[in-house]
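Worksheet for the structure shown next.
Numbering (the numbering used here), first residue to last: 17 to 578.
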């Protein structure tokens, strides 16, 4: 009996094992089929399909979804004709770049010219092309280019000390996007009147400098000065919106030339928490600002939280692509300045006629932002004013803003029309705009002030200071409160509203002294434009706290000639 039970049990167990094995094989076969189908689907995927699966931010930085077509055929032809292009283009580039180098020549050099210039035997490689839609009167083509050159470029450098150095520029590596514009389209072969070319985007530009028969490091700061000069010269001579025009058919192509489209008014207010580059003492930071590489420099300030309050104007040629760059350096006297950090603002992010107040984090590199180190912040006030829109909004930095009605009549003529010749004569004479008025400041209240007393409270009051005139006022003390209410109004007669600042400092009153709690710094540009506004501002230098204020401006405009 036990034999038959064991036999039946073995048969059932064997059948169960066979069934499970068959089912497992079928399941594995189905999985392999599905995997093969998935792999085949991935193999058929295009770049556009990959980009639709996940947004770009979920991919590593080295994954790029390019929409440009490959140009193997063009690279083959370019390699064949490159020796002729080298011979024809070298002299042309040398003649056009030398004047720009002279414009950016460092102050320590008396001469900066090319002694040799050839592009070398290695042709650049075009890695992609795209066609942009821009109306019916032009065709815009963008070409991605990569070039690891073996150029023979030698700079003849002379210093004011009489030292002559031949400096070789070698190991050039370049990646960028060139833009070609065929405009206007005509019914005559080759169907376009002129070609404009420009460097639309500079992704990478690397090179090394070497003194032939010597060491460039023997002159401190020379290598950095020459490298900065070369980079600025390239960017200002060919970087978009700068463009070169090549007429193909006879005609007037002045409308293709670079033209100003607006004015950017910049106030560099202050910086805070800057990195200290000095071992002993504090850094002496100064700022360099530019839209194109022709820079403006601030005065140095021996403080890691400097207040500059300096005003700059920049001509804008293309508000959609240009940007303002701010670079902060530590002044080292006779030695080369040490870089602290940089920041940029895209002009496309500015609303025309609207004052924008921004704090920007400083970074090490604007193009490759892999450094997460905190380097401090810079405070800017920006106002973009396009030309031709003066009737839509008011630019307080324009000379017309502070004109009286009588002055406008005298300028425009008795019949009310613009006298062009008279206007030109006025512009040749420098006029410093002075906006005088009364600033009414109402300190309403504060919120969530930091605790400074042992009892968990504070006795806060606010000190108001006009930076330029050094006029001061202060509110009453509110005892035992972290959310004080003052509702006090103070009037200041301001002699130069565009260049003055209001500083509000919050202090804790003690019997034997006072404790600093934080501050707010304001320019007067916004209140001059809007007349009156109310704002809630965070306290600088404090872990928490906000200050509620109301500002009102009553203008008394005057002119002062200089």
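We treat Cβ as the ideally placed atom computed from N, Cα and C, and that holds for glycine.
Which listed residue (536, 569 and 353) has its alpha carbon closest to that of residue 549: Of 536, 569 and 353, the residue nearest in Cα terms is 569.
For residue 154, write down the residues that DSSP places opposite it in a beta bridge. BP columns for residue 154 are empty, so no partner.
Would you kindly work out how many angstroms separate the C-alpha atoms of residue 220 and residue 382, rounded to a whole number? Each residue's Cα considered, the two are about 12 angstroms apart.
Determine the DSSP secondary structure at residue 115, reduced to helix, strand or coil. If DSSP states are grouped into helix, strand and coil, residue 115 belongs with the helices.
Can you tell me whether residue 395 is buried or exposed? The criterion is at least 16 other CB atoms within 10 Å of its CB, across all chains shown. In summary, residue 395 is buried, with 16 or more beta-carbon neighbours lying within 10 Å of its beta-carbon over all protein chains present.
Does the beta-carbon of residue 283 have 16 or more other beta-carbons within 10 angstroms, so that it is buried, or is it exposed? Buried, since its Cβ has 16 or more Cβ neighbours within 10 Å.
Scan the segment 477-533 and note each continuous beta strand (DSSP E) run of 3 residues or more that stays entirely inside, going in chain order. Within the segment 477-533, complete beta strand (DSSP E) segments of at least 3 residues are found at 488-490, 501-510 and 517-526, given in chain order.
CA-to-CA distance, residue 119 to residue 447, given in whole angstroms: The predicted position of residue 447 is uncertain, since its pLDDT is 40 and thus under 50; a value taken from the coordinates is nonetheless stated next. C-alpha of residue 447 to C-alpha of residue 119: approximately 27 angstroms in a straight line.
Residues near residue 150 by beta carbon distance below 7 angstroms, same chain, minus five either side: Result list for residue 150: 156, in chain order.
Residue 159 versus residue 132 - alpha carbon distance: Spanning the two alpha carbons is a distance of roughly 28 angstroms.
Between which two residues does the alpha helix (DSSP H) harbouring residue 240 extend? Run containing residue 240: 238-254, per the alpha helix (DSSP H) assignment.
Buried or exposed (CB count within 10 angstroms, at least 16 for buried), residue 96: Residue 96 counts as exposed, since fewer than 16 other beta carbons sit within 10 angstroms of its beta carbon.
Go ahead and pull the three-state DSSP assignment for residue 308. Three-state DSSP puts residue 308 in coil, outside helix and strand.
Tell whether a beta-carbon distance below 9 angstroms holds between residue 518 and residue 455. A contact, by the Cβ cut-off of 9 angstroms.
Taking the straight line between their C-alpha atoms, what separation do you get for residue 242 and residue 122? Roughly 7 angstroms between the two C-alpha positions.
Under the DSSP definition of a beta bridge, which residues are partnered with residue 339? Residue 339 has 362 as its beta-bridge partners, per DSSP.
For residue 535, which residues from the same chain have a beta carbon less than 8 angstroms from its beta carbon, with the 5 sequence-adjacent residues on both sides left out? Taken in chain order, the residues that qualify are 519, 520, 521, 522, 555, 556 and 557.
Taking residue 258 and residue 335 to be in contact with their CB atoms under 8 angstroms, please state how far apart those CB atoms are, rounded to whole angstroms. Contact doesn't hold; Cβ gap of about 15 angstroms is too wide.
Going by beta-carbon coordinates alone, are residue 323 and residue 392 separated by less than 9 angstroms? No.
Backbone CA spacing between residue 355 and residue 302 [nearest angstrom]: Taking the straight line joining both Cα atoms gives about 10 angstroms.
In the DSSP output, which residue or residues are listed as bridge partners for residue 133? Answer by DSSP bridge pairing, in chain order: 169.
Indicate whether residue 459 and residue 563 have their beta-carbon atoms separated by less than 9 angstroms. Closer than 9 angstroms, so yes.
What does a CB cutoff of less than 6 angstroms around residue 472 pick up in its chain, not counting 5 residues either side in sequence? Correct list: empty, nothing qualifies.
Compute the distance between the beta-carbons of residue 165 and residue 192, then report whether it is under 9 angstroms. Not closer than 9 angstroms, so no.
I'd like the list of long-range same chain contacts for residue 116, defined as Cβ closer than 7 angstroms, with 5 residues on each side in sequence excluded. Within the same chain, residue 116 has close Cβ partners 249, 252 and 253.
Using a Cβ-Cβ cutoff of less than 8 angstroms, which residues in the same chain neighbour residue 196 once the five nearest sequence positions on both sides are dropped? So the qualifying residues of the chain are 156, 157, 158, 159, 211, 212 and 213.
Can you name, in chain order, every residue of its own chain whose Cβ lies under 8 angstroms from the Cβ of residue 262, other than the five neighbours on each side? Cβ neighbours of residue 262 beyond the five flanking positions: 210, 211, 212 and 213.
Using a Cβ-Cβ cutoff of less than 6 angstroms, which residues in the same chain neighbour residue 531 once the five nearest sequence positions on both sides are dropped? Excluding residues within five positions, the ones whose Cβ falls inside 6 angstroms are 468 and 524.
Could you pull the start and end residues of the alpha helix (DSSP H) that residue 543 belongs to? From DSSP, the alpha helix (DSSP H) with residue 543 extends over 541-546.
For residue 502, which residues in the same chain have their Cβ closer than 6 angstroms to its Cβ, ignoring the five residues on either side in sequence? The residues 459 and 491, in chain order, have a CB closer than 6 angstroms to that of residue 502 in the same chain once the five nearest residues on each side in sequence are set aside.
From residue 441 to residue 403, what does the alpha carbon distance come to, in whole angstroms? Low local confidence applies: a pLDDT of 35 at residue 441 is under 50, so the model's placement there is unreliable, and no value is given.
Whole-Å CB distance - residue 321 paired with residue 359, under 8 angstroms assumed: Their Cβ separation, rounded to whole angstroms, is 16 angstroms, which puts residue 321 and residue 359 out of contact at 8 angstroms.
On the DSSP bridge list, what partners appear for residue 160? Beta-bridge partners assigned by DSSP to residue 160: 144 and 193.
Who are the near neighbours of residue 93 in its chain, counting only those whose CB is closer than 6 angstroms to its CB and skipping five residues on each side? Excluding its 5 nearest sequence neighbours in each direction, residue 93 has no C-beta neighbour in its own chain below 6 angstroms.
Indicate the three-state DSSP secondary structure (helix, strand or coil) for residue 264 in the structure shown. In this structure, DSSP gives residue 264 a state outside helix and strand, which the three-state scheme calls coil.
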